[in-house]
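What follows is one structure encoded as C-alpha cells, with my remarks underneath.
There are 2 protein chains.
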Amino acid sequence: MANLLESLDDVLLLGPGPSTIPPEVYRALGRRTLGHMDSQFFELMDGIKESLRLVMGTANRATITISGTGTAGMEATLVNLIEAGDPMLVVVNGFFAARLAEMARRLGAVVDTLEFPWGKPIETKEVEKRLSSGAYKILGMVHAETSTGVKNPIQDLGPPARRAGALFIVDAVTSLGGLEMRADEWGIDALYSCSQKCIGCPAGLSPVTFSEGAMKKAAGRSAPVPNYYLDMNLLMKYWDGSPRAYHHTAPANMYFGLYQALQLIREEGLEAVRKRHREAHEHLVAGLEGMGLSMLVEKPHRLPMLNTVLIPEGVDDAAVRKELRAVHKIEIGSGLGALAGKIWRIGLMGYSAKKENVDTLLGALRKILRR
Amino acid sequence: MANLLESLDDVLLLGPGPSTIPPEVYRALGRRTLGHMDSQFFELMDGIKESLRLVMGTANRATITISGTGTAGMEATLVNLIEAGDPMLVVVNGFFAARLAEMARRLGAVVDTLEFPWGKPIETKEVEKRLSSGAYKILGMVHAETSTGVKNPIQDLGPPARRAGALFIVDAVTSLGGLEMRADEWGIDALYSCSQKCIGCPAGLSPVTFSEGAMKKAAGRSAPVPNYYLDMNLLMKYWDGSPRAYHHTAPANMYFGLYQALQLIREEGLEAVRKRHREAHEHLVAGLEGMGLSMLVEKPHRLPMLNTVLIPEGVDDAAVRKELRAVHKIEIGSGLGALAGKIWRIGLMGYSAKKENVDTLLGALRKILRR
Numbered sequence: 002m003a004n005l006l007e008s009l010d011d012v013l014l015l016g017p018g019p020s021t022i023p024p025e026v027y028r029a030l031g032r033r034t035l036g037h038m039d040s041q042f043f044e045l046m047d048g049i050k051e052s053l054r055l056v057m058g059t060a061n062r063a064t065i066t067i068s069g070t071g072t073a074g075m076e077a078t079l080v081n082l083i084e085a086g087d088p089m090l091v092v093v094n095g096f097f098a099a100r101l102a103e104m105a106r107r108l109g110a111v112v113d114t115l116e117f118p119w120g121k122p123i124e125t126k127e128v129e130k131r132l133s134s135g136a137y138k139i140l141g142m143v144h145a146e147t148s149t150g151v152k153n154p155i156q157d158l159g160p161p162a163r164r165a166g167a168l169f170i171v172d173a174v175t176s177l178g179g180l181e182m183r184a185d186e187w188g189i190d191a192l193y194s195c196s197q198k199c200i201g202c203p204a205g206l207s208p209v210t211f212s213e214g215a216m217k218k219a220a221g222r223s224a225p226v227p228n229y230y231l232d233m234n235l236l237m238k239y240w241d242g243s244p245r246a247y248h249h250t251a252p253a254n255m256y257f258g259l260y261q262a263l264q265l266i267r268e269e270g271l272e273a274v275r276k277r278h279r280e281a282h283e284h285l286v287a288g289l290e291g292m293g294l295s296m297l298v299e300k301p302h303r304l305p306m307l308n309t310v311l312i313p314e315g316v317d318d319a320a321v322r323k324e325l326r327a328v329h330k331i332e333i334g335s336g337l338g339a340l341a342g343k344i345w346r347i348g349l350m351g352y353s354a355k356k357e358n359v360d361t362l363l364g365a366l367r368k369i370l371r372r
Numbered sequence: 002m003a004n005l006l007e008s009l010d011d012v013l014l015l016g017p018g019p020s021t022i023p024p025e026v027y028r029a030l031g032r033r034t035l036g037h038m039d040s041q042f043f044e045l046m047d048g049i050k051e052s053l054r055l056v057m058g059t060a061n062r063a064t065i066t067i068s069g070t071g072t073a074g075m076e077a078t079l080v081n082l083i084e085a086g087d088p089m090l091v092v093v094n095g096f097f098a099a100r101l102a103e104m105a106r107r108l109g110a111v112v113d114t115l116e117f118p119w120g121k122p123i124e125t126k127e128v129e130k131r132l133s134s135g136a137y138k139i140l141g142m143v144h145a146e147t148s149t150g151v152k153n154p155i156q157d158l159g160p161p162a163r164r165a166g167a168l169f170i171v172d173a174v175t176s177l178g179g180l181e182m183r184a185d186e187w188g189i190d191a192l193y194s195c196s197q198k199c200i201g202c203p204a205g206l207s208p209v210t211f212s213e214g215a216m217k218k219a220a221g222r223s224a225p226v227p228n229y230y231l232d233m234n235l236l237m238k239y240w241d242g243s244p245r246a247y248h249h250t251a252p253a254n255m256y257f258g259l260y261q262a263l264q265l266i267r268e269e270g271l272e273a274v275r276k277r278h279r280e281a282h283e284h285l286v287a288g289l290e291g292m293g294l295s296m297l298v299e300k301p302h303r304l305p306m307l308n309t310v311l312i313p314e315g316v317d318d319a320a321v322r323k324e325l326r327a328v329h330k331i332e333i334g335s336g337l338g339a340l341a342g343k344i345w346r347i348g349l350m351g352y353s354a355k356k357e358n359v360d361t362l363l364g365a366l367r368k369i370l371r372r
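Protein sequence lines, in the order shown, are assigned to chains R and A. Residue numbers for the first sequence follow the working numbering, so the first one is 2 and each next one is one higher. Residue numbers for the second sequence follow the working numbering, so the first one is 2 and each next one is one higher.
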C-alpha cells in the first residue's frame, strides 16, 4: 500500500509558522509514550509550567498548555473570560485581531473594535481614550500581528486597562520566545501562544497563562464555562490539583516535544534566542533591500520573526512561491486579506531564525527574480 | 540542565488508553514537519479521510480529524449540533455518557438522561420508548463505555432515532478500530473517536464523521457555532474546500502519526485487527479466571479492548497498581466514580492488544497477588 509519508519533501519552513524544528525536538516527539496520569508525566508537566513561566515573564500559577493549536488557545482564553453580554474592546490592525473579535462575538461578547491601518502599529493614546469611558470589561489585542509583520506596543496598555476595570488579553502567538515578554510587569491578565513558531515545536499546543484576576473571573461565572474541553477550572485540577484529577487524555508526545523545545530555549538563554531572531531579521532585511525590495512596515515597528516584503511590480506572487517550494524546497507565506498578492511573509522563527537559512532564501530569490 | 525526558520509563500501557504505539508511528511522529497549507500535506489529509471512512464504515464527506483529543471531538460534535434550548436524550450507563450529558448542558441543550446501571448494557426497548414521544432533537450515547467495559447496542438505535426526528450521536472513543463500526448502515449522524486507543497513535487527535443531515444542521443554525476552533463549517473549508481555506495550523506531526497508524490498520486488515483484539481479550479473561478473579461485566456484553476485573476482597487496589507500575513497568487503570476501588481496568487496545502483553501482565499479577 502506497505510503505518502515516504515521499514528502524536506522543506525549509520560512513562512508564518510552522517553523523548522530542532532534531532534539523530533526525537522527543517520537519517544515512547506515557500515560496521562503517570507520576513521571506529572513531573514533566511541572517542568513545562516552570519553563513557560520563564518565557512568559510571569509567576502565575495558571500557566499551562492547552491541548490544541494557537486558535484553541485564543478560544480557551475568550470562552473562560467572556460571559454573554460582556462589553469588550478589540484593537484591530490585522487578520488575527479581527479573528479575535469574531470569536468573541460568537461567544456572546458585545464587541467594539478600534481599527488601525494594516501595516501600522496601534496607537496607545487612542486605546487609552476608548478605555477611559470605563465601559469595557475586557480589552483584547495582538502583540505580533502575523498578517502584517507589525509589533504592537502592548507593554503600555496594562495599567490603563486595569484603571478602566478591564481584563487585558494578549495574543502572543507569533511573539512568544522571539520577543521580550513580561506578562506580570506589563499587567497582562491572560495570554495565549502556540508551539510552532518561536518556541520551535510542531503545531498542536497552545501555552496560556491566566492571572489571579482572570482565574477569579473564570471561577466566579454565573454559569459554567460553555466549553468543557477548555474550562480552565477543570484544566487546573489536572495541571495543579492535589491529587491531580483526570480531565482529558493529554497528548503526551506533543508535551514531550514542547518540554524539549523549552529546554533548548533555556539552555541557549532567553536573551540569546531573541538576539538570534533579531540578527537573522537584520540580515534578511539587508539582503532584500540589497535586491531592491522594500519592507511593508516601517523600521521601528518591524517584527524580527515575521517579515513582510512588498512584491515588486510585475512579479507573479504565486509563481514565485511555487518555484521556491518546488525547486528550492523553501516555504514562505502569502499575504492575507487585503494584503493578498501584495506582500510575502517571511518567517524567521525558532530554529528557522538563522543567518544560513536567510542566505539560502536570498540565493533562491535572486535566481527566481533575476536580481 | 536536567532533562526529565532522559529518565522516563518505558511503560507497557495496558490501561484505558493511551495504548502502546507501533515503531512505525513513532517514526512518523518524529518526521520532518510540513506547512499546513502545503499541497503534499493536503494529499496526506485526503489519505486520512479515506482511511477514516473505511474504519468508520461511512461515505460521509465530512470525515476528518479534530485537532484535539477525544474530549475535543465530543465538544466538536455537540457544539455544532446543539442550539440553545434543543431537547436531547442522553443514555447513561457510565462515566463518559455522564460527561456527554454535562457537556451538552453547558452548551444550552435541555438534557434528559435515561439511566441504566453501571456495568450493564443499555436496553434498546427502553430507549425506543423514550424516543417515541418525538420530543428529542438529539440522541446521544456511548458505544464502548470506558468506565465499565460494557458494549452498548448502538447498531439498533439509528432507525428509531430517525423515526423520532432525532440526530443520532455516538461516542466511539474506545471502540473505533477494535469493534465493528458501520456508521452509515446503523444510521449514525455524528460520531467521534480518539487517536490513542484502538487506532494506535498517541493522544492528541479526534477523528469525527458528520452525516449530510448533521452538516445541514451545523450549516443552518440561526447563529454561528459558538466555537470558532471546532466549527465544522470552517473546518470543512480547510479539509475539503477548493481551494483549501486556512482555518488553524494543523498539528502536522500528529497527522503524520495518525496517517501511519491508519495505514497499519489497513495493511493488517480491519477484520484481522478486530480478531486480534478479541483473542487477546479471551486470553486475558481465561488467565484472570484461572487466578480466581471475576469480571464485572457479563460475557455477552464485554468489550474486548477494555476489561474490567473485580478487585478480590482484601487486596489493596492502589498498592497493586503501584507495584505493577514501579516494579514491572506496566500501567493498568483504576475504577472511576462508583467503581473506584472496586475494579481494575485493563486495556488491550491497538498495538497493546497482543497475547504476549497479556502474558506479561498475568505473570506480574500472579507475583503480586501470589496466585
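Don't be surprised by glycine CBs; every beta carbon is placed ideally from N, CA and C.
Three or more C-beta pairs under 8 Å: does that hold for the segment 165–174 of chain A against the segment 127–147 of chain A?
yes
Contact residues within the segment 10–33 of chain R, judged by C-beta distance below 8 Å to chain A:
10, 11, 12, 14, 16, 18, 19, 21, 22, 27, 28, 29, 30, 31, 32, 33
Return the chain-ordered list of same chain residues with a C-beta closer than 6 Å to the C-beta of residue 228/R, the five sequence neighbours on each side being excluded.
Same-chain partners within the cutoff: 80.
Reference residue 56/A; option with closest CA among 193/A, 342/A, 223/A:
The shortest C-alpha to C-alpha distance from residue 56/A to any of 193/A, 342/A, 223/A is the one to 193/A.
Should the segment 74–91 of chain R be regarded as contacting the segment 27–47 of chain A, the criterion being three or more beta carbon pairs within less than 8 Å?
no
Measuring CA to CA, which of 311/R, 357/R, 181/R, 24/R is closest to residue 58/R?
181/R
Please specify which runs of the beta strand (DSSP E), each continuous and at least 3 residues long, are wholly inside the segment 51–93 of chain A, giving them in chain order.
63–67, 88–93
Residue 211/R, DSSP secondary structure in three states:
strand
On the premise that residue 178/A lies in contact with residue 155/A, defined as a C-beta separation below 8 Å, what is that separation, rounded to the nearest angstrom?
Between residue 178/A and residue 155/A the Cβ distance is about 16 Å, and since that is not below 8 Å, they are no contact.
For a test of the three-state rule: what should DSSP assign to residue 353/A, helix, strand or coil?
Three-state result, residue 353/A: helix.
Using only the alpha-carbon positions, how far apart do residue 217/A and residue 75/R sit?
27 Å
Under the three-state DSSP convention, the category residue 170/R falls into:
Assignment of residue 170/R by DSSP, reduced to helix, strand and coil, places it in the strand class.
Which one of 116/A, 233/A, 151/A, 143/A has the shortest CA to CA distance from residue 304/A?
151/A
Rank 270/R, 147/R, 36/R by C-alpha distance to the C-alpha of residue 310/R and give the top, closest one.
Looking from the CA of residue 310/R, the closest CA among 270/R, 147/R, 36/R belongs to 147/R.
With 9 Å as the C-beta to C-beta threshold (strictly closer), list the residues of the segment 239–261 of chain A near chain R in chain order.
247, 248, 249, 250, 251, 252, 253, 254, 255, 257, 258, 260, 261
Between the C-alpha atoms of residue 368/R and residue 325/R, what's the straight-line distance to the nearest angstrom?
10 Å
Using 8 Å for Cβ pairs, my map puts residue 205/R next to residue 296/A. What's the rounded Cβ distance?
Not quite, the Cβ-Cβ distance comes to about 37 Å (not below 8 Å), so this is no contact.
What number of angstroms, rounded off, separates the C-alpha of residue 215/A from the C-alpha of residue 211/R?
36 Å
Starting from the Cα of residue 184/R, find the closest Cα among 64/R, 350/R, 225/R, 285/R and give me that residue.
64/R
What residue does the alpha helix (DSSP H) around residue 269/R start on, and which one ends it?
253–269
Jot down the residue ranges of each uninterrupted alpha helix (DSSP H) in the segment 140–204 of chain A, minimum 4 residues, whole runs only, in chain order.
You should have 159–164.
Rounded to whole angstroms, what's the CA-CA distance from residue 260/A to residue 240/A? Just pull it up for me.
15 Å
By alpha-carbon positions, which one of 13/R, 162/R, 91/R, 321/R ends up nearest to residue 112/R?
91/R
Quick check on the DSSP output: the alpha helix (DSSP H) that includes residue 250/A runs from which residue to which?
Careful: residue 250/A lies outside any alpha helix (DSSP H) and carries neither H nor E.
Buried or exposed: which applies to residue 286/A, given that a residue is buried once 16 or more other Cβ atoms fall within 10 Å of its Cβ?
By the 10 Å Cβ count, residue 286/A comes out buried.
Within chain R, the residues that residue 48/A reaches when beta carbons sit closer than 8 Å
5
Could you tell me the alpha carbon to alpha carbon distance between residue 249/A and residue 318/A, rounded to whole angstroms?
Residue 249/A and residue 318/A: Cα-Cα distance of roughly 43 Å.
So residue 113/A is in the beta strand (DSSP E); what residue range does that whole segment cover?
111–116
Between the Cα of residue 352/A and the Cα atoms of 283/A, 127/A, 7/A, 23/A, which residue gives the shortest distance?
Nearest neighbour of residue 352/A by Cα position, chosen from 283/A, 127/A, 7/A, 23/A, turns out to be 23/A.
Taking the DSSP output, what are the residues bridged to residue 119/A?
Its beta-bridge partners do not exist; DSSP assigns none.
Inter-residue Cα distance where the pair is residue 251/A and residue 2/R:
25 Å
Report the partner residues of residue 344/R according to the DSSP bridge assignment.
Looking at the DSSP assignment, residue 344/R forms a beta bridge with 311/R.
With the cut-off set at 9 Å, would you say residue 370/R and residue 301/R are in Cβ contact?
no
In or out: residue 275/R buried (at least 16 other Cβ within 10 Å) or exposed?
buried
By the criterion of Cβ-Cβ separation under 7 Å, what are the contact partners of residue 108/R in chain A?
227
Could you confirm whether any beta carbon from chain R is found closer than 9 Å to the beta carbon of residue 310/A?
no
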